[in-house]
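> I'd like to ask some things about the structure below.
In full-length UniProt numbering, the protein residues as written are 1 to 320.
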């Protein structure tokens, strides 16, 4: 039986494996995700002297480990898992939609092209990966926004619970409030997932033949693919986070001085003017730190969970 991500298992088995991978991956990297969001929302100059708080009353974070320590000291160890409930729901749903769409799109492309005229693997993977990422992002975006807002909360909580957050956003901002930043989100995810799957599929087979300590060739391929894709698309991820916390609660998060932004291009222009080019890459280091274990755990868990579900179930379906 082939070990490819895209030609194994029934639809239900693929969904279950994707959801399992997302659940476990999210829990492992949750603290790094909170740190990344806090750094992305920070607008002070990177050359400012180290201080615990700025003039607006918000904390100033310097580096990944200092930020982890500061959050743990000021908000308790549970502060590193803020937003974990909507994030777990996000990762489960996102992974399930992503892997299912990727598999079905790839099979559809193969049927359309057919036989010897099939598309090059890199093109096929880019199209399928970009389509899967776009659909998964749009379908789960409200959960992504909620994850960001909960992670941005300090000790003075903006939302006391997930139901309260849903009710408050709907009341004060309407349905559109749940989709703030969707534009840069989609603009980011299509090239990100396209590059990710293209690099992953290119490296998976050659690296799979190596016997590596503490890891598999699939996991290493996933790490390298994620690093390349994340670096290329990171500014759009930062812009998305800045837009997600806009609205009537903008001044109530742990960073009290988040500027008012309107639109992707205007936000990028404002960041470049006030914070410079480096401002578009706040949190990149921890993001890459996060990408490595997240991708490795996701891919490793997905493929083994899929094999387990196949072994427990019936013969895979091969039709779309």
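For every residue, glycine included, the Cβ atom is placed at its ideal position computed from N, Cα and C.
Residue 147 to residue 276, Cα distance in whole Å?
Reading the chain shown from its first residue, position 147 is the one you call residue 147. Reading the chain shown from its first residue, position 276 is the one you call residue 276. Residue 147 and residue 276: Cα-Cα distance of roughly 27 Å.
> By the three-class DSSP mapping on this structure, what secondary structure does residue 248 have?
Counted from its first residue, the chain shown places residue 248 at position 248. In this structure, residue 248 counts as coil in the three-state DSSP scheme.
> How big is the Cα-Cα spacing for residue 258 and residue 240?
Indexing the chain shown from 1 puts residue 258 at position 258. Indexing the chain shown from 1 puts residue 240 at position 240. Distance between the alpha carbons of residue 258 and residue 240 is about 13 Å.
> With a Cβ-Cβ cutoff of 8 Å, do residue 127 and residue 109 count as a contact?
For the purposes of this step, residue 127 is taken as residue 127 along the chain shown, with counting starting at 1. For the purposes of this step, residue 109 is taken as residue 109 along the chain shown, with counting starting at 1. Result yes, Cβ atoms of residue 127 and residue 109 sit closer than 8 Å.
> Suppose you measure from the CA of residue 268 to the CA of residue 12; what does that come to, to the nearest Å?
Working through the chain shown from its first residue, we reach residue 268 at position 268. Working through the chain shown from its first residue, we reach residue 12 at position 12. Approximately 41 Å, taken between the alpha carbons.
> So which of 143, 305, 63 and 293 has the shortest CA-CA distance to residue 25?
Position 25 of the chain shown holds residue 25. Nearest C-alpha to residue 25: 293.
> Would you kindly check if the distance between the Cβ of residue 22 and the Cβ of residue 94 is under 8 Å?
In the chain shown, residue 94 corresponds to position 94, counting from 1. In the chain shown, residue 22 corresponds to position 22, counting from 1. Their beta carbons are under 8 Å apart, which means residue 94 touches residue 22 by this criterion.
> Short check: CB of residue 283 to CB of residue 196, under 8 Å?
Reading the chain shown from its first residue, position 283 is the one you call residue 283. Reading the chain shown from its first residue, position 196 is the one you call residue 196. Not a contact, by the Cβ cut-off of 8 Å.
> Quick check for students: name the residue ranges of the alpha helix (DSSP H) that lie wholly in the UniProt repeat "Solcar" (120 to 206), counting only runs of 4 or more.
For the UniProt repeat "Solcar" (120 to 206), whole alpha helix (DSSP H) runs of length 4 or above, ordered along the chain, are 121 to 151 and 162 to 173.
> Ignoring anything shorter than 4 residues or poking outside the UniProt repeat "Solcar" (213 to 308), list the alpha helix (DSSP H) runs there in chain order.
Qualifying alpha helix (DSSP H) stretches, in chain order: 217 to 244 and 264 to 275.
> Verify whether the separation of the beta carbon atoms of residue 166 and residue 227 is less than 8 Å.
Walking along the chain shown from the start, residue 166 turns up at place 166. Walking along the chain shown from the start, residue 227 turns up at place 227. Result no, Cβ atoms of residue 166 and residue 227 do not sit closer than 8 Å.
> By Cβ distance below 6 Å, which residues in the same chain neighbour residue 307 in space, the five residues on each side in sequence not counted?
Position 307 of the chain shown, counting from 1, holds the residue named residue 307. Contacts found: none.
> Apart from the five residues just before and just after residue 191, which ones in its own chain have a Cβ nearer than 8 Å to its Cβ?
Position 191 of the chain shown, counting from 1, holds the residue named residue 191. Only 130, 229, 232 and 233 meet the Cβ criterion.
> Does the count of Cβ pairs from the region 57 to 75 and the region 131 to 139 closer than 8 Å reach three?
No, because fewer than three Cβ pairs between the region 57 to 75 and the region 131 to 139 fall closer than 8 Å, the two stretches do not touch.
> Taking the straight line between their C-alpha atoms, what separation do you get for residue 185 and residue 83?
Counting from 1 along the chain shown, the entry for residue 185 is found at position 185. Counting from 1 along the chain shown, the entry for residue 83 is found at position 83. Distance between the alpha carbons of residue 185 and residue 83: 19 Å.
> Please name the residue, chosen from 271, 133, 65 and 159, that lies closest to residue 253 on a Cα-to-Cα basis.
Looking up residue 253 in the chain shown gives position 253. Nearest option by C-alpha distance: 159.
> At a threshold of 7 Å, does residue 311 count as lining the ligand GTP (C-beta to nearest heavy atom)?
The ligand GTP is not part of the structure shown, which contains no ligands of any sort.
> Can you tell me where the alpha helix (DSSP H) holding residue 31 begins and where it ends?
By one-based count along the chain shown, residue 31 stands at place 31. First-last of the alpha helix (DSSP H) with residue 31: 11 to 40.
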